[in-house]
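*Asks:* In our numbering, the protein residues as written are 22 to 281.
Glycine included, every Cβ here is placed at the ideal spot set by N, Cα and C.
Could you have a look at this structure, given as structure tokens, before my questions?
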Ligand code: PGA
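Structure representation (structure tokens):
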């Protein structure tokens with residue numbers, strides 16, 4: 022499908038790394054290294070504690086700030102939680118929802134992922150909705166069925182006029198933080214399947230405009246091959262987003278693919 026209808030997005034997921042005091046020098050270094058691509062949207066999804074510093078350090082840059090999760094609730098007696106409105110008030114643009122680490126260690130379900138995506142959209146931000154199979158599911162041949170189920174559950178409550186602001190990240194669990202990347206063909210096959218599901222359920226126009234990212238040990242070495250695939254519009258990057266030079270190399274791969 023033609024990539025010109027959608028945004029290329031490279032989003033870093035810092036997870037629980039770096040310190041708030043380290044954000045400024047990181048941002049300065051990244052701004053210095055950033056390739057001059059106009060078409061690629063660059064995002065850094067930071068821990069909540071880092072967001073104000075990151076925001077300040079990225080002022081007047083083309084890099085957006087993202088968060089890694091949010092509460093299902095609007096406000097009230099939910100000790101320790103952070104709401105969508107709080108993130109919006111800090112000028113956050115993107116929020117990751119349903120990352121496999123939240124599903125695995127924090128009881129996130131397909132249905133809470135859907136509700137969280139709605140909360141993000143209602144507050145004017147974009148969710149990066151993560152889906153992906155385990156190694157066991159892949160070995161049993163259940164990848165497409167499982168990803169189909171996760172995608173439909175996450176999108177079921179999102180109306181068409183909001184759906185175009187969603188980003189989907191295909192992240193096979195076995196490839197996250199393991200150094201084992203899905204081959205470009207494996208990643209393309211699943212991203213194409215996700216786009217087909219959206220086309221069948223919500224129409225061709227929405228399907229061709231939604232950015233679908235690949236995540237799982239993406240690095241400067243494999244980014245070009247993955248990003249050259251017709252249905253892979255960008256990446257969700259963990260480990261390689263922690264060093265400005267490594268992250269910039271991945272952004273550079275987008276510039277190469279788009280011929281900038
Ligand atoms: P990784 O993480 O790039 O370190 O594999 C990706 C992710 O968890 O989003």
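So what does residue 235 bridge to, in DSSP terms?
*Replies:* 191 and 256
*Asks:* To the nearest whole angstrom, what separates the beta carbons of residue 194 and residue 155, a pair I think is in contact under 8 Å?
*Replies:* 5 Å
*Asks:* On the criterion of 16 or more Cβ atoms from any shown chain inside 10 Å, does residue 132 qualify as buried, or is it exposed?
*Replies:* Exposed: under 16 other Cβ atoms inside 10 Å.
*Asks:* Taking only runs of the alpha helix (DSSP H) that begin and end inside the segment 92-176, which ones reach a length of at least 4 residues, in chain order?
*Replies:* Correct list: 105-110, 121-126, 131-143, 156-160 and 164-176.
*Asks:* Anyone know if the C-beta pair for residue 282 and residue 26 falls short of 7 Å?
*Replies:* Past the boundaries of the shown model lies residue 282; the chain is included only from 22 to 281, so the question cannot be answered.
*Asks:* What does residue 17 pair with, by DSSP beta-bridge criteria?
*Replies:* Absent from the model: residue 17. The displayed extent of the chain is 22 to 281, so no value can be given.
*Asks:* Go to residue 88, then tell me how far its beta strand (DSSP E) extends in each direction, as first and last residue.
*Replies:* 84-88
*Asks:* Is residue 258 near ligand 1, judged by its Cβ being under 6 Å from some heavy atom?
*Replies:* Indeed, a heavy atom of ligand 1 lies less than 6 Å from the Cβ.
*Asks:* Roughly how many angstroms lie between the CA atoms of residue 227 and residue 78, to the nearest whole one?
*Replies:* 34 Å
*Asks:* How should residue 37 be labelled, buried or exposed, when 16 other C-beta atoms within 10 angstroms of its C-beta is the threshold for buried?
*Replies:* exposed
*Asks:* Between the beta-carbon of residue 276 and the beta-carbon of residue 267, is there less than 7 Å?
*Replies:* It is not a contact, given that the beta carbons lie outside the stated cut-off.
*Asks:* Do residue 82 and ligand 3 come close, with the Cβ less than 6 Å from some heavy atom?
*Replies:* The model depicted lacks ligand 3 and carries ligand 1 instead.
*Asks:* So does the segment 203-216 actually touch the segment 168-178, counting three or more Cβ pairs closer than 8 Å?
*Replies:* Yes, they touch.
*Asks:* If you measure from the CB of residue 34, is any heavy atom of ligand 1 nearer than 6 Å?
*Replies:* yes
*Asks:* Expressed to the nearest angstrom, what Euclidean distance is found between the alpha-carbon atoms of residue 76 and residue 115?
*Replies:* 13 Å
*Asks:* Between the Cα of residue 21 and the Cα atoms of 23, 34 and 24, which residue gives the shortest distance?
*Replies:* There is simply no residue 21 to check, as the chain begins at 22 and stops at 281 in what is shown.
*Asks:* On the DSSP letters alone, give me the boundaries of the alpha helix (DSSP H) that residue 46 sits inside.
*Replies:* Looking at the DSSP string, the run of the alpha helix (DSSP H) that includes residue 46 is 44-54.
*Asks:* Could you check if residue 126 is buried or exposed, using at least 16 other CB atoms within 10 Å of its CB as the buried criterion?
*Replies:* By the neighbour-count rule (16 or more Cβ atoms within 10 Å), residue 126 is not buried but exposed.
*Asks:* Taking just the CA atoms, how far does residue 28 sit from residue 256?
*Replies:* 12 Å
*Asks:* Could you tell me how far apart the beta carbons of residue 205 and residue 246 are, in whole angstroms, since I believe they sit closer than 8 Å?
*Replies:* 5 Å
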